[in-house]
Amino acid sequence: MYTTLEQALLDLEKAGLLKRVRCEVDPDLEMAEMARIAFEKGGPALLFEKVKGSKFPAVANLYGTRERMDFLFRDTLESTRAAVLFKSNPVGFFKHPHIGNLVLAAKAGLHSLPLQSGSIADFEECSLQDLPQVKCAPEDGGAFLTLPQVASRPGKKASILTTNLGMYRIQISGNEYAPNECGLHYQIKRDIAKHHQKALEEGRPLKVSIFLGGPPAHTLAAIMPMPENLSELLFAGMLGGRRFRYFIHDGYIVSSDADFCILGEVATDLKPEGPFADHVGYYSGKHLFPYLKVKKVLCKKNAIYPFTVVGRPPQEDTLFGEFIHRITRPMVPASLPGVHAVHAVDEAGVHPLCLALGSESFRPYVRPEEREPMELLKTANALLGFNQVSLTKYLMIAAKEDNPELDVNKVPEFFAHIMERVRLDRDLHFQTSTTTDTLDYTGGSLNHGSKLVIAAAGREIRDLRNDTADLQSLRLPATFADAKIVMPGVVALKWNGNGASFESELALLKESLANWGLRENYPWISVVDDTSTLGMENPQTNLRDFLWLTFTRSDPARDLYGLNERVEQKHWATDAPLIVDARIKPHHQKPISFDESVREKAMQKLQGIL
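Letter by letter, the sequence shown follows residues 1399 to 2008 of this note's numbering.
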């Protein structure tokens, strides 16, 4: 177990999993680019000893490989998993008891309760400007904290066990912020929003604490999807093998083990926050968000500033998700009966695409060929109301009874299973004009858009093909070109409009597809801006790029078309193939781009380190 971030870093260094960068580095783009390169190459964690403009060293890529994650939590991972298994299914846990699991769960439980310890005397004071001013991408609106642990409680005298610990980006410079202000970008479906609402109703300011650093388990706790009304501080203790230590100062929670603590009140007005190069691979725009009036910034004597770099997946936060999933896998089936597995697809930006495996047992007496999605639709609605899964844009759900070996993590196989069975006149279920992920702009405005459930159950109704020779019989209009087969049943087309109206050209495309004898064998077509990296001849980029382009650049209600589109009893139906307009549109945000000159400097400074 680790009591400080420094202790964890020294342990990593001893194991050869961390390297020091001894030359001076610039927090304006350069440090982030070095971290990005280290992650891409599967390199070590980087400890920057000399940060330009700051007295504090910084660390990045700390969680950038599975090897490091397993190393950091080697003494507590199994006991934490055992405790989560017990919490998710206590009856099953004791029905088939294993003495090892019982001991591990009890061990984790002993460390779960927070412990009041420490005082303000353990810290020194500094300012937001003293922190490394890390800017990650050229068009970011300023410097951001990217690994903050944001703590809030529902009331002044609320129990420590009601504390929510979340990770929301914090903008510490730029825009209209004064030196003692920082932006607080919390998204929908976060407990801090409930705390903020309660404070507003009671006419009092919401006190918020932001922790940086401390034992690595504290950072992971901030992204843990804990059930409502169950504090992440409990998880921090379990995973850290040591109770979360804290004290109260002027009504604020202070983490006794954190490297930095920022204490402030949420202002009564809003200020512009952003842009920011976000984890879906695009800049999120500048919008009005809450901000903190900072009262005090605390730091330990030997404080180390942790940060991460986000962007188009995979990035370091991909490893966060994979690690958390390993721990929480039992929670979803226990919380949602009928759900066997869920996979939020990282390559598609996480929330844009979710694959789920459920049961279809409402009518066990029907023959397999007569099975249709019924229970699956109930389950899909439950998933779209569950925790962070509720932010899903495209939900594809299949029946376990049709293939007990089906794996949600094997995307091409799962996609094929759905495409073989889906009835496009019956099995597409839209939610229109609804709330969507804060980072998804395909619906036209912040938090507005649509969702689509694609449910499939029963026997195959079509054979999928995967033969490039099939494309020779597809006569495309001049504005559509470079057809590529991405995987069985899936074709990508390049839009080559050169100013032409997409709607009018789409009509010509539909005419071509109507005359294509193989259209049932290819029921999914994505129209994208560039197909050069797609196709079976590009195995390194094909699937990854298809998922990112298709699901981050389309809104179901706006961008889905098909042959003989019709509305029957308010239900949208079509014949094959389904056509997805996945081009960049004017209302979309810009894809993240980087400065090649900065990358060259970063590569030079990493020579001999990677």
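Note that CB positions come from ideal geometry on N, CA and C, so glycine has one too.
Secondary structure of Thr1834 (DSSP, three-state): coil. Taking C-beta separations shorter than 8 Å and ignoring five residues to either side along the sequence, the partners of Lys1699 in its chain run Glu1522, following chain order. In terms of Cβ geometry, Ser1924 and Ala1876 do not form a close pair [threshold 7 Å].
Looking at Asn1894, Asp1943, Asp1973 and Leu1958, the one whose alpha-carbon comes closest to that of Asn1919 is Asp1973. Under the DSSP assignment, Phe1949 falls outside any beta strand (DSSP E), being part of the alpha helix (DSSP H) whose first and last residues are Asn1940 to Thr1950. Taking a cut-off of 8 Å for Cβ pairs, the segment 1936-1948 and the segment 1900-1919 do not touch, as fewer than three such pairs fall below it. Around the C-beta of Asp1744, 16 or more other C-beta atoms lie within 10 Å, and the residue is accordingly described as buried. Setting aside the 5 residues that flank it on each side, Gly1516 is surrounded in the same chain by Arg1643, Phe1645 and Ser1654, each with a C-beta closer than 7 Å to its C-beta; the list follows chain order. Ser1682 has its alpha-carbon roughly 12 Å from the corresponding atom of Arg1567.
Per DSSP, the unbroken beta strand (DSSP E) holding Leu1686 starts and ends at His1685 to Phe1687.
Linking Met1885 to Glu1901 through their CA atoms gives a straight-line distance of about 27 Å. At the C-beta level, Ala1456 and Phe1446 come within 7 Å of one another. If you compare the alpha carbons of Tyr1763, Pro1735 and Ala1797 with that of Leu1753, the shortest gap goes to Ala1797. Straight-line spacing of the CA atoms in Ala1742 and Leu1755 works out to 12 Å. By a beta-carbon distance limit of 8 Å, Thr1836 does not contact Ser1848. Their separation comes to about 15 Å.
Around Phe1784, the same chain offers Val1730, Ser1733 and Leu1734 as residues with beta carbons nearer than 8 Å, after the five sequence neighbours per side are excluded.
Ranked by how close their Cα comes to the Cα of Ile1518, the residues Glu1935, Cys1580 and Gly1649 have Gly1649 in first place. Exclusion of the five residues before and after Val1740 leaves Val1730 and Ala1754 as the residues of its chain whose Cβ lies within less than 6 Å of its Cβ. For Leu1445, the enclosing beta strand (DSSP E) starts and ends at Ala1443 to Val1449.
The straight-line gap separating the alpha-carbon atoms of Met1565 and Arg1641 is approximately 20 Å.
Counting only runs of at least 3 residues, the segment 1679-1735 fully encloses the following beta strand (DSSP E) elements, listed from N- to C-terminal order: 1685-1687 and 1689-1697.
Secondary structure at Met1399: coil, using DSSP grouped into helix, strand and coil. A Cβ-Cβ contact shorter than 7 Å links Ser1550 with Ile1590. With contacts defined by Cβ atoms closer than 7 Å, Ser1477 and Gly1635 do not form a contacting pair. In this structure, the beta-carbon distance from Ile1982 to Lys1417 does not fall below 7 Å. Rounded to whole angstroms, the gap between the alpha carbons of Phe1454 and Thr1544 is 16 Å. Using a Cβ distance threshold of 7 Å, Ile1795 and Ala1778 count as a contacting pair. The straight-line gap separating the alpha-carbon atoms of Pro1728 and Leu1475 is approximately 15 Å.
Under the 10 Å beta carbon count, Thr1666 is surrounded by fewer than 16 other beta carbons and is classified as exposed. Listed in chain order, the non-local C-beta contacts of Gly1612 below 8 Å within the same chain comprise Thr1402, Leu1403, Gln1547, Ser1653, Asp1655, Ala1656 and Asp1657, local neighbours out to five positions each way being set aside. In this structure, the beta-carbon distance from Gln1569 to Phe1542 falls below 7 Å. Under the three-state reduction of DSSP output, Val1806 falls in the coil class, being neither helix nor strand. Here Lys1453 carries a coil assignment [DSSP, helix/strand/coil]. Distance check between Glu1579 and each of Val1692, Gln1527, Leu1631 and His1593 places Val1692 closest, using alpha-carbon atoms only.
In the structure shown, Leu1475 adopts helical secondary structure according to DSSP, grouped into three states.
Sequence-distant Cβ neighbours of Ala1458 in its own chain, meaning closer than 6 Å and more than five residues away, are Ala1433, Leu1444 and Phe1705.
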